[in-house]
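Undergrad:
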Amino acid sequence: MALCFAAPSAIQAQDSTSACNNAPISYEGWTLDWSDDFNGSVPNPDIWVRTERGTADWAKTQSNDPRVVTMRDGMLVLRGIVNDNFEADPSPYLCGGVTTKRTKGFAPGRMEVRARFQSAKGAWPAIWMLPFELTPENSWPNGGEIDLMEHLNHDTIVYQTVHSPYTYVDGHTDNPVASVHPSFDPTAFNVYGVDVYPDSIVFHLNGIPTNVYPRIPGLKGQYPYYQPMYLLLDMQLEGNWVGKADPSELPVEMEIDWVRHYIPAEN
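FYI, the working numbering numbers position 72 of the sequence shown as 558, with every residue one higher than the one before it.
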């Protein structure tokens, strides 16, 4: 299969429907560190573990039901379904997700995920990163959170956001801008990406930069992101932010085509 080469500029816009998206792109200044094309019969168990049910809004309906995390046509498929067995699980909805928590941390660099998801009332698919080192210093939000993509309901925008004590505790979300909401085609595969540098975070959508979040020297808790992080891919239903689900619009799913991680190339 032919390899697609990036233009000399830092980021090349990607055609989300191009066959070239099946081969890693060669970016100037970056070296491909790791990738997963989900070509097996199950997600690689050495890398991916199921997300766990928890008290946080995003985790309240996460489930180990085999129907909500599957593989299909070279894709990882994460589903949200109406629960049909309340004796086995009291949750009204069951959702699937996978994570590299405790299995693989990604050094600061470029992370890209090609995905497509269905829209539904109360659906909240997400692609995001948290600190790999599980220490008190990294407890949320102290260690930071990077959201490559969150989508709500039937919106025609996605959210790309950073969280930290500076944004969440102190409330500084506009200086600098911590969240942007680029428009996208909700029926298509799109590439959601982020570059993590010592002095800034750059979000992109299909290779086009959407926001630069700079590090501001001297601000405590403003930039905890330059450290290894793990990746989470999950479908979620309901929550304070997304609202109530409509069972008539379910099931809903997110397809993950591939995940790629790049690190800075050696000079």
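Where a beta carbon is used, it is the ideal one built from N, C-alpha and C, also for glycine.
Please say whether Phe-592 and Leu-717 have beta carbons closer to each other than 8 Å?
TA: In contact: Leu-717 and Phe-592 (Cβ atoms closer than 8 Å).
Undergrad: Provide the residue(s) that pair with Pro-612 in DSSP beta bridges, ordered along the chain.
TA: Note on identity: in this sequence residue 612 is Ala, with Pro being the wrong assignment. DSSP, once it has assigned bridges, lists Glu-636 and Asp-720 as partnering Ala-612.
Undergrad: Can you tell me the Cα-Cα spacing of Asp-656 and Gly-707, whole angstroms?
TA: 9 Å
Undergrad: Determine the direct distance from the alpha carbon of Glu-538 to that of Tyr-645, and round the result to whole angstroms.
TA: Per the coordinates, the alpha-carbon of Tyr-645 lies some 23 Å from the alpha-carbon of Glu-538.
Undergrad: How many whole angstroms separate the CB atoms of Ala-612 and Glu-631, which I take to be in contact at a CB cut-off of 8 Å?
TA: Not really, about 11 Å apart at Cβ, beyond 8 Å.
Undergrad: Hey, would you say Leu-723 sits closer than 8 Å to Gly-582, going by beta carbons?
TA: no
Undergrad: Can you give the Cα-Cα distance for Trp-610 and Ile-643, rounded to whole angstroms?
TA: 12 Å
Undergrad: Fully enclosed by the segment 619-664, which beta strand (DSSP E) runs are 3 residues long or longer?
TA: 631-636 and 645-649
Undergrad: Classify Val-528 as buried or exposed, calling it buried when 16 or more other Cβ atoms lie within 10 Å of its own Cβ.
TA: If you draw a 10 Å sphere on the C-beta of Val-528, you find fewer than 16 other C-beta atoms in it, and that means exposed.
Undergrad: In whole angstroms, what separates the C-alpha of Leu-736 from that of Val-568?
TA: Rounded to the nearest angstrom, the two C-alpha atoms are 7 Å apart.
Undergrad: Is the number of C-beta pairs between the segment 660-680 and the segment 689-700 that are closer than 8 Å three or more?
TA: yes
Undergrad: Could you work out which residue in Asn-661, Met-721 and Glu-573 is closest to Leu-564 when comparing CA atoms only?
TA: Met-721
Undergrad: Bridge partners of Asp-681, per DSSP?
TA: Arg-596 and Val-688
Undergrad: When the distance is taken between beta carbons, is Arg-596 closer than 8 Å to Trp-520?
TA: no
Undergrad: Whole angstroms is fine: what's the gap from Asp-570's alpha carbon to His-640's?
TA: 25 Å
Undergrad: Distance check for Val-535 and Ile-687, CA to CA, integer angstroms please.
TA: Each residue's alpha carbon lies about 27 Å from the other.
Undergrad: Tell me, please, which residues DSSP counts as bridged to Ser-605.
TA: Note: Ser-605 sits in no beta bridge, so no partner.
Undergrad: Who are Val-757's beta bridge partners in DSSP?
TA: The requested residue 757 is not part of the displayed model; the chain covers only 487 to 753.
Undergrad: Just tell me which of Asp-522, Asp-633 and Phe-618 has its CA closest to the CA of Arg-778.
TA: Given that the chain is displayed from residue 487 to residue 753, the structure contains no residue 778 and the question cannot be resolved.
Undergrad: Compute the distance between the beta-carbons of Val-584 and Leu-719, then report whether it is under 8 Å.
TA: yes
Undergrad: On a CA-only basis, which of Pro-552, Gly-729, Arg-553 and Asn-628 is nearest Ala-606? Give me that one, please.
TA: Gly-729
Undergrad: Identify every residue that forms a DSSP beta bridge with Asp-522.
TA: Val-745
Undergrad: With 8 Å as the threshold, decide whether the Cβ of Asn-697 is near any Cβ in chain E.
TA: In the displayed structure, chain E is absent; only one protein chain is listed.
Undergrad: Trp-516 by DSSP, collapsed to three states: which one?
TA: strand
Undergrad: Helix, strand or coil for Ala-493? Go by DSSP, reduced to three states.
TA: For Ala-493, the predicted structure reports a pLDDT of 34, less than 50, and the residue's modelled location is therefore unreliable. The matter cannot be settled from this model.
Undergrad: Among Met-615, Trp-744 and Ala-601, which residue has its Cα nearest to the Cα of Phe-670?
TA: Cα-wise, what sits closest to Phe-670 is Ala-601.
Undergrad: So what's Pro-737 in DSSP terms, helix, strand or just coil?
TA: coil
Undergrad: Can you tell me which of Met-557, Pro-703 and Val-648 puts its alpha carbon nearest to the alpha carbon of Asn-628?
TA: Val-648
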